[in-house]
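So the protein sequences, as listed, match chains A and B.
Its first residue numbered 10, the first sequence is counted upward by one per residue in our numbering.
Its first residue numbered 3, the second sequence is counted upward by one per residue in our numbering.
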Amino acid sequence: MELFRTEFGTIDWVIVIVYLAGSILIGLWANRYVGGLSDYLVAGRTLRIRLALATMTGTELGLVTVMYVAELGYTKQFASLYLAVIEVLALAVIGATGVVVYRLRQEAVLTVPEYYERRYTRTVRVVGAVMMVLAGVLNMGVFLKAGSLFLVGVTGLEDPMALKLIMSSLLLLVLFYTVLGGMVSVVITDLIQFVVLGIGALVVSVYVLGELGGIEGLWELSHRAYVNPLQGDNPLTAVPADGVGPWMLTAQWLTLSIAVMLWPATVSRTLAVKTPEVARRLYLFSTIPFLARRTLPALWGIGAFAYFSLHADLGRDLQQAIASNELSTLSAMPLYLAKIIPSGLLGLVTAAMLAAFMSTHDSYLLCWGGVVAQDIVAPLCGGLSDRNRVLVTRISIVVIGAFLLFWGLWYEIGQELWDYLAITGTVYLSGALPVIVGGLYWRRASSVGALAALVCGVMGVCGLSQVIDVINGTFFPDPAGFQVFPALMMLVTMLTPTLVFISVSLLVPDSRHRSSTDGESLVREKLS
Amino acid sequence: MSDGVWRVLWIVILGAGLLGMAGLLLSVGFGSVRELRQSLDELRAGSGCDEPVDEPVDEPVDGTN
Numbered sequence: 010m011e012l013f014r015t016e017f018g019t020i021d022w023v024i025v026i027v028y029l030a031g032s033i034l035i036g037l038w039a040n041r042y043v044g045g046l047s048d049y050l051v052a053g054r055t056l057r058i059r060l061a062l063a064t065m066t067g068t069e070l071g072l073v074t075v076m077y078v079a080e081l082g083y084t085k086q087f088a089s090l091y092l093a094v095i096e097v098l099a100l101a102v103i104g105a106t107g108v109v110v111y112r113l114r115q116e117a118v119l120t121v122p123e124y125y126e127r128r129y130t131r132t133v134r135v136v137g138a139v140m141m142v143l144a145g146v147l148n149m150g151v152f153l154k155a156g157s158l159f160l161v162g163v164t165g166l167e168d169p170m171a172l173k174l175i176m177s178s179l180l181l182l183v184l185f186y187t188v189l190g191g192m193v194s195v196v197i198t199d200l201i202q203f204v205v206l207g208i209g210a211l212v213v214s215v216y217v218l219g220e221l222g223g224i225e226g227l228w229e230l231s232h233r234a235y236v237n238p239l240q241g242d243n244p245l246t247a248v249p250a251d252g253v254g255p256w257m258l259t260a261q262w263l264t265l266s267i268a269v270m271l272w273p274a275t276v277s278r279t280l281a282v283k284t285p286e287v288a289r290r291l292y293l294f295s296t297i298p299f300l301a302r303r304t305l306p307a308l309w310g311i312g313a314f315a316y317f318s319l320h321a322d323l324g325r326d327l328q329q330a331i332a333s334n335e336l337s338t339l340s341a342m343p344l345y346l347a348k349i350i351p352s353g354l355l356g357l358v359t360a361a362m363l364a365a366f367m368s369t370h371d372s373y374l375l376c377w378g379g380v381v382a383q384d385i386v387a388p389l390c391g392g393l394s395d396r397n398r399v400l401v402t403r404i405s406i407v408v409i410g411a412f413l414l415f416w417g418l419w420y421e422i423g424q425e426l427w428d429y430l431a432i433t434g435t436v437y438l439s440g441a442l443p444v445i446v447g448g449l450y451w452r453r454a455s456s457v458g459a460l461a462a463l464v465c466g467v468m469g470v471c472g473l474s475q476v477i478d479v480i481n482g483t484f485f486p487d488p489a490g491f492q493v494f495p496a497l498m499m500l501v502t503m504l505t506p507t508l509v510f511i512s513v514s515l516l517v518p519d520s521r522h523r524s525s526t527d528g529e530s531l532v533r534e535k536l537s
Numbered sequence: 003m004s005d006g007v008w009r010v011l012w013i014v015i016l017g018a019g020l021l022g023m024a025g026l027l028l029s030v031g032f033g034s035v036r037e038l039r040q041s042l043d044e045l046r047a048g049s050g051c052d053e054p055v056d057e058p059v060d061e062p063v064d065g066t067n
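Below, the structure written as structure tokens:
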């Protein structure tokens, strides 16, 4: 089929295999640097600004990010770039003020739930950790599928069994070096992946820009594309309300602003840097890679939109395949790259994207595995030795990996990939926001309030399209009348835990305040 | 906001993303390799403690040694 024609050849496979083999060797080599728990989870807190920035870019510019940003670029073209503006502004504010992240790093904890215990109680820590892992693993569950769609599009590999084997092997590879070398291994591989990914992303962008006719061509294209995100209807489609619009814009603004501050994988990098000041500066400098991660793949998606509009026969084939659920809009970008990038370079680009896939997986696996060991198993068992904590972390990583394989192979994404990620992220973020921010800045924040807010986060799953269908079918059966929609559910589920947290904290205060501010006051009193 | 303003904004943002990534690779790439060596040395020496005694060397990110 012409749609699946690709320039991917033997030389490209060789490049990819050599790169993957190198990753295994690094995993083995990094193991020698892991001494104790702190080395394993936060690389002994030895990261300086450039290294932290490079590895943070490696983590945050994952293949799943590339896929969903490109998908939005394909479906919503220039209007999809509103996410870049939101994210960069949020990072700039955090970086300039140090709000939350500075104080959080000052706490010198290894994980976010550890802070929960320090500020609230052990129960809050365990419940917070369970919610974090639940949201994180659900969120991560579609990464494998997104990766496999990229590989299918680029390599033209249509055999589903071969594809599953490749994706499973990739996951095993990541598990191997993460289990073995922990954060040390993650940092080293992320640095290499940052370089490979950065070069690959630039090469693709230059090709796409050339294909579009440079800046002039891009400007011309903007006249026949969707550009205004405040417009709720995408002018290029007949489907009503399939654009962005004020509701979705507000919901995304809220979710993204909180995510850049509190998403556990990002926070784990914040906790791994040397000082609170480095943590603050890390956020300020992160505006650049975060801008890149939101713009470059969007450009590729916009390029795919232009390509399939220009090549009407291919565009028709793609639309038919999407309509029959044979493909999804996620596949547009890789199918496009497979046609415009020559063999050899395509291998480099694929290696770069696999680098992106692995650098996100390793950090996320380590983050969730660490939380299971540190914040669920250890507190419930009444404490564990460092050696046992590393062991439990390693086992947890393997168990989570097995779940990802299972979930990634059968779960069907019911909405655009980004919406799925934002909704599952809400399960954690909506509860963590009041509990962390309230804990750091509000003396009256109470443990019962924190527990109530964390549990309320479960409401976040109500934003999934399957659950919304059930809600509408049960409570709002008239399609012409009021219907619940994802942006509304995201807003409701994001704000409810905060309201619950404030109300319950006021109604059921702690017997004594345990804030770090009080601790500092006590020290000052003793000194005086 | 008119569509024209949006178009200009998006082209500027796309350009900034492209240049930003290129600049990041140049400025962070080399410096981070040196920092990785320092971190590994500290880990090997067992000095990767929770709170550093000495202040880290944090030059501006645009300096490339």
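C-beta atoms are modelled at their ideal positions from N, C-alpha and C, and glycine is treated no differently.
All of these numbers come straight from a predicted model, not from anything done at the bench.
**Report entry** Reference Val276(A); option with closest CA among Gly31(A), Leu62(A), Leu34(A), Pro506(A)
**Finding:** Counting from 1 along the first sequence, the entry for residue 276(A) is found at position 267. Closest by C-alpha distance to Val276(A), out of Gly31(A), Leu62(A), Leu34(A), Pro506(A), is Leu62(A).
Query raised in the report: Who are the near neighbours of Val358(A) in its chain, counting only those whose CB is closer than 8 Å to its CB and skipping five residues on each side?
Result: As a working note, residue 358(A) is residue 349 in the first sequence. Answer for Val358(A): Val163, Gly209, Val212, Val213, Leu346, Ile350, listed in chain order.
Query - With 16 other Cβ atoms within 10 Å as the buried cut-off, status of Glu11(A) - result: Within the first sequence, the letter at position 2 stands for residue 11(A). Flag for Glu11(A) reads exposed.
Query raised in the report: Just the Cα atoms here: how many angstroms apart are Ser340(A) and Val75(A)?
Result: On the first sequence, residue 340(A) is found 331 positions in, with the first residue counted as 1. On the first sequence, residue 75(A) is found 66 positions in, with the first residue counted as 1. Those two C-alpha atoms are separated by around 12 Å.
Query raised in the report: Straight-line CA distance for Asp5(B) to Ala301(A)?
Result: Counting from 1 along the second sequence, the entry for residue 5(B) is found at position 3. Counting from 1 along the first sequence, the entry for residue 301(A) is found at position 292. Taken atom to atom, the span from the alpha-carbon of Asp5(B) to that of Ala301(A) is near 23 Å.
Report task. Output the distance between the C-alpha atoms of Asp395(A) and Gly378(A), rounded to the nearest integer angstrom. Result -> Against the first sequence, residue 395(A) aligns to sequence position 386. Against the first sequence, residue 378(A) aligns to sequence position 369. Pairing Asp395(A) with Gly378(A), the inter-Cα distance amounts to about 14 Å.
Query raised in the report: Between Ala364(A) and Gln202(A), is the Cβ-Cβ spacing less than 8 Å?
Result: One-based indexing of the first sequence puts residue 364(A) at position 355. One-based indexing of the first sequence puts residue 202(A) at position 193. Pairing Ala364(A) with Gln202(A) gives a Cβ-Cβ distance under 8 Å.
**Report entry** Beta-carbon gap between Ala360(A) and Thr68(A) smaller than 8 Å
**Finding:** As a working note, residue 360(A) is residue 351 in the first sequence. As a working note, residue 68(A) is residue 59 in the first sequence. The answer is no: Cβ separation not under 8 Å.
**Report entry** Other residues of its chain near Ile480(A): CB distance less than 6 Å, five sequence neighbours each side excluded
**Finding:** Counting from 1 along the first sequence, the entry for residue 480(A) is found at position 471. The residues are Val493.
**Report entry** Proximity below 8 Å, CB of Met140(A) to CB of Val436(A)
**Finding:** On the first sequence, position 131 is the one that residue 140(A) refers to. On the first sequence, position 427 is the one that residue 436(A) refers to. It is a contact, given that the beta carbons lie within the stated cut-off.
Requested in this report: Using the Cα positions of Ala30(A) and Thr246(A), report the straight-line distance between them to the nearest angstrom.
Outcome: As a working note, residue 30(A) is residue 21 in the first sequence. As a working note, residue 246(A) is residue 237 in the first sequence. The alpha-carbon atoms of Ala30(A) and Thr246(A) are separated by roughly 45 Å.
Query raised in the report: Are there three or more Cβ pairs, one per stretch, closer than 8 Å when the segment 396 to 406 of chain A is compared with the segment 125 to 141 of chain A?
Result: Between the segment 396 to 406 of chain A and the segment 125 to 141 of chain A there are fewer than three C-beta pairs closer than 8 Å, too few to call the two in contact.
Query raised in the report: Do you know whose CA, among Ser32(A), Phe317(A), Asp478(A), Gly207(A), lies nearest Ile197(A)'s CA?
Result: Position 188 of the first sequence holds residue 197(A). Of the listed residues, the one whose Cα sits closest to Ile197(A) is Ser32(A).
Query raised in the report: Run through DSSP, which three-state label would Val236(A) get?
Result: Here residue 236(A) refers to the residue found at position 227 when the first sequence is read from its first residue. Looking at Val236(A) - three-state DSSP - the assignment turns out to be coil, as it is neither helix nor strand.
Requested in this report: With a threshold of 16 other CB atoms inside 10 Å of the CB of Tyr124(A), please say whether the residue is buried or exposed.
Outcome: Here residue 124(A) is taken as the residue at index 115 of the first sequence, counted from 1. The residue in question, Tyr124(A), is buried, as its Cβ has 16 or more Cβ neighbours within 10 Å.
Query - Continuous beta strand (DSSP E) assignments of at least 3 residues falling wholly in the segment 485 to 526 of chain A - result: Counting only runs of 3 or more, we get nothing.
Requested in this report: Between the Cα of Leu182(A) and those of Leu34(A), Pro298(A), Leu230(A), Ser295(A), spot the shortest distance and give me the residue it belongs to.
Outcome: Here residue 182(A) refers to the residue found at position 173 of the first sequence. For the residues Leu34(A), Pro298(A), Leu230(A), Ser295(A), the minimum Cα distance to Leu182(A) belongs to Leu34(A).
**Report entry** Leu118(A) - DSSP class collapsed to helix/strand/coil
**Finding:** By one-based count along the first sequence, residue 118(A) stands at place 109. The residue you asked about is not Leu; residue 118(A) is Val in the sequence shown. Reduced to three states, the DSSP call for Val118(A) is coil.
Report task. Less than 8 Å between the CB atoms is what I'm expecting for Val110(A) and Tyr292(A), so what's the real figure, rounded? Result -> Within the first sequence, residue 110(A) is the residue found at index 101, counting from 1. Within the first sequence, residue 292(A) is the residue found at index 283, counting from 1. Rounded, the Cβ-Cβ distance is 6 Å, consistent with contact.
Query raised in the report: What are the boundary residues of the alpha helix (DSSP H) that includes Ile349(A)?
Result: Within the first sequence, the letter at position 340 stands for residue 349(A). Unbroken alpha helix (DSSP H) run through Ile349(A): 341 to 349.
Query - As assigned by DSSP and simplified to three states, the class of Val94(A) - result: Within the first sequence, residue 94(A) is the residue found at index 85, counting from 1. Residue state, collapsed to three classes: helix.
Query raised in the report: Do Val116(A) and Val269(A) have their C-beta atoms within less than 8 Å of each other?
Result: Walking along the first sequence from the start, residue 116(A) turns up at place 107. Walking along the first sequence from the start, residue 269(A) turns up at place 260. Checking the sequence shown, residue 116(A) turns out to be Glu, not Val. For the pair Glu116(A) and Val269(A), the CB atoms are not nearer than the 8 Å cut-off.
Query raised in the report: Do the segment 243 to 260 of chain A and the segment 216 to 227 of chain A meet, that is, are 3 or more Cβ pairs less than 8 Å apart?
Result: The answer is no - the segment 216 to 227 of chain A does not touch the segment 243 to 260 of chain A, with fewer than three Cβ pairs under 8 Å.
Requested in this report: Take the Cβ of Thr15(A) as the centre, count every other Cβ of all protein chains shown within 10 Å, and call the residue buried at 16 or more, exposed below.
Outcome: Position 6 of the first sequence, counting from 1, holds the residue named residue 15(A). Sixteen is the threshold: when 16 or more other Cβ atoms of the shown chains lie within 10 Å of the Cβ of Thr15(A), as they do, the residue is buried.
Report task. Indicate the three-state DSSP secondary structure (helix, strand or coil) for Val282(A) in the structure shown. Result -> As a working mapping, residue 282(A) is identified with position 273 in the first sequence. Note: Val282(A) maps to strand in three-state DSSP.
Report task. Quick one: using the 10 Å Cβ neighbour count with 16 as the cut-off for buried, is Ser178(A) buried or exposed? Result -> Residue mapping note: residue 178(A) aligns to position 169 of the first sequence, counting from 1. The Cβ neighbour count for Ser178(A), taken over all protein chains shown within 10 Å, is under 16; the residue is labelled exposed.
Query raised in the report: Leaving out five residues before and five after Val146(A) in sequence, what residues of the same chain have Cβ atoms less than 7 Å from its Cβ?
Result: Looking up residue 146(A) in the first sequence gives position 137. Answer for Val146(A): Trp377, Ile409, Phe412, listed in chain order.
Requested in this report: Give a yes or no on whether the minimum CB-CB distance between Ser231(A) and chain B is below 8 Å.
Outcome: The count along the first sequence starts at 1 and reaches residue 231(A) at position 222. Cβ-Cβ to chain B under 8 Å: yes for Ser231(A).
**Report entry** Minimum Cβ-Cβ distance from Leu62(A) to chain B less than 8 Å
**Finding:** Residue numbering aside, residue 62(A) sits at position 53 when the first sequence is read from its first letter. It does; some Cβ of chain B falls within 8 Å.
Query raised in the report: Is there at least one Cβ from chain B nearer than 8 Å to Gly104(A)'s Cβ?
Result: Counted from its first residue, the first sequence places residue 104(A) at position 95. False, the Cβ-Cβ gap to chain B never drops below 8 Å.
Query - Per-residue contacts from Val30(B) into chain A (C-beta, under 7 Å) - result: Within the second sequence, the letter at position 28 stands for residue 30(B). Within chain A, the residues Arg59, Leu62, Ala63 have their CB atoms less than 7 Å from the CB of Val30(B), given in chain order.
Requested in this report: Inspect the CB distances between the segment 454 to 472 of chain A and the segment 119 to 133 of chain A and report whether three or more fall short of 8 Å.
Outcome: Verdict: yes, contact present.
Query raised in the report: Is any beta-carbon of chain B found at less than 8 Å from that of Asp527(A)?
Result: Along the first sequence, read from residue 1 onward, the residue named residue 527(A) stands at position 518. In this predicted model, Asp527(A) has a pLDDT of only 44, less than 50, meaning its place in the structure is not dependable enough to derive any value.
Query raised in the report: Starting from Ser295(A) and walking both ways along the alpha helix (DSSP H), at which residues does that stretch end?
Result: Mapped onto the first sequence, residue 295(A) falls at position 286. Where Ser295(A) is concerned, there is no enclosing alpha helix (DSSP H), given that its DSSP letter is neither H nor E.
Requested in this report: Verify the CB distance criterion: does Pro285(A) have a CB-CB separation below 8 Å to chain B?
Outcome: Mapped onto the first sequence, residue 285(A) falls at position 276. No, its Cβ sits nowhere closer than 8 Å to a Cβ of chain B.
Report task. State the Cα-Cα distance for the pair Gly15(B) and Ala307(A), rounded to the nearest angstrom. Result -> One-based indexing of the second sequence puts residue 15(B) at position 13. One-based indexing of the first sequence puts residue 307(A) at position 298. For clarity, residue 15(B) is Ile in the given sequence; the question names Gly instead. Roughly 11 Å separates the two Cα atoms.
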